[in-house]
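Visitor: Before I ask anything, here is the structure I am working with.
Residue numbers (this note's numbering): 9 to 265.
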């Protein structure tokens, strides 16, 4: 692999049908990678693939529920069958919970959030460990809520704290196989999952605006950090959790307007 370390490479992106996952898929393809776009919503995954192909890239849509072990195996199988292997895994899929007090979080809701965000990503990490080609890298989407408490989203914050622990605990095993694993911890991002609308246009990464946490980050601004962590330029980073929040958590009280 040359340049950014993506020309001729194969990338697997979960949650690739929208938001950060779509932005990452498009950018990876623009850099020359073949991209497997995995998403629970098949139509959304197909739309991302159509955008990539319209720009001259190569991509494959795969319907996958990351909470199911069989689906995690299937998406790696499809990547290997179609493109010959996997070099980068961006395990980005996840789900939110309603903003409610702790005493209103039901056991069923807690179990659902943990099943998708923590257990589901754990299953993907296991596959990445054994199936990424040497020199490859895995990035997991955690959250700023994985670094602090979140009073009105306790189940979500718990799942994201767990993901950071998973990444740190997996680093040695990945290193033993000449691989790396890191996490990104986004703050507020303008994506449909957050109920916010942001531009889905992919811009020249060298011309992205300086982000303002008060307005939220674009999906691409976050995706660019994940892409860097999967590149050879980040070869010295393993087992880290990178906050991507435009300084939202850098001071208390939060930065004044």
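For every residue, glycine included, the Cβ atom is placed at its ideal position computed from N, Cα and C.
Note that the coordinates shown come from a computational prediction; the quantities given were computed from them, not determined experimentally.
Cα separation between residue 190 and residue 246?
Guide: Translated into positions along the chain shown, residue 190 becomes position 182. Translated into positions along the chain shown, residue 246 becomes position 238. For residue 190 and residue 246, the distance between alpha carbons rounds to 6 Å.
Visitor: Could you give the distance in angstroms between the alpha-carbon of residue 29 and the alpha-carbon of residue 99?
Guide: Counting from one through the chain shown, the residue named residue 29 turns up at place 21. Counting from one through the chain shown, the residue named residue 99 turns up at place 91. For residue 29 and residue 99, the distance between alpha carbons rounds to 9 Å.
Visitor: Could you check if residue 115 is buried or exposed, using at least 16 other CB atoms within 10 Å of its CB as the buried criterion?
Guide: Position 107 of the chain shown, counted from the first residue, corresponds to residue 115. By the neighbour-count rule (16 or more Cβ atoms within 10 Å), residue 115 is not buried but exposed.
Visitor: Measure the C-alpha to C-alpha separation of residue 173 and residue 97 and round it to an integer number of angstroms.
Guide: The residue labelled residue 173 in the question sits at position 165 within the chain shown. The residue labelled residue 97 in the question sits at position 89 within the chain shown. In a straight line, the C-alpha of residue 173 is about 18 Å away from that of residue 97.
Visitor: Do you know offhand how far residue 256's Cα is from residue 89's?
Guide: Position 248 of the chain shown, counted from the start, is the residue given in the question as residue 256. Position 81 of the chain shown, counted from the start, is the residue given in the question as residue 89. C-alpha separation (whole angstroms): 42 Å.
Visitor: Three or more C-beta pairs closer than 8 Å, one from the region 53-72 and one from the region 118-131: is that the case here?
Guide: The region 53-72, when compared against the region 118-131, does not touch it at the 8 Å Cβ threshold.
Visitor: Using the Cβ count rule (16 or more neighbours within 10 Å means buried), how would you classify residue 251?
Guide: Here the question's residue 251 lines up with position 243 in the chain shown. Buried is the call here.
Visitor: So what does DSSP say about residue 23, is it helix, strand or coil?
Guide: Along the chain shown, read from residue 1 onward, the residue named residue 23 stands at position 15. Correct three-state label for residue 23: coil.
Visitor: Which value, in whole angstroms, describes the spacing of the CA atoms of residue 9 and residue 184?
Guide: Translated into positions along the chain shown, residue 9 becomes position 1. Translated into positions along the chain shown, residue 184 becomes position 176. Low per-residue confidence applies at residue 9: pLDDT is 34, beneath 50, and the placement is therefore not dependable, though the value from the model is reported in the following sentence. Each residue's alpha carbon lies about 21 Å from the other.
Visitor: Per DSSP, what are the beta-bridge partners of residue 45 in this structure?
Guide: Translated into positions along the chain shown, residue 45 becomes position 37. In DSSP, residue 45 forms a bridge with 21, 69.
Visitor: Starting from the N-terminal side, write out each stretch of the alpha helix (DSSP H) that is 4 residues or longer and does not extend beyond the region 92-121.
Guide: Whole alpha helix (DSSP H) segments, 4+ residues: 115-121.
Visitor: Report buried or exposed for residue 49, applying the criterion of at least 16 other Cβ atoms within 10 angstroms of its Cβ.
Guide: Counted from its first residue, the chain shown places residue 49 at position 41. So residue 49 counts as exposed.
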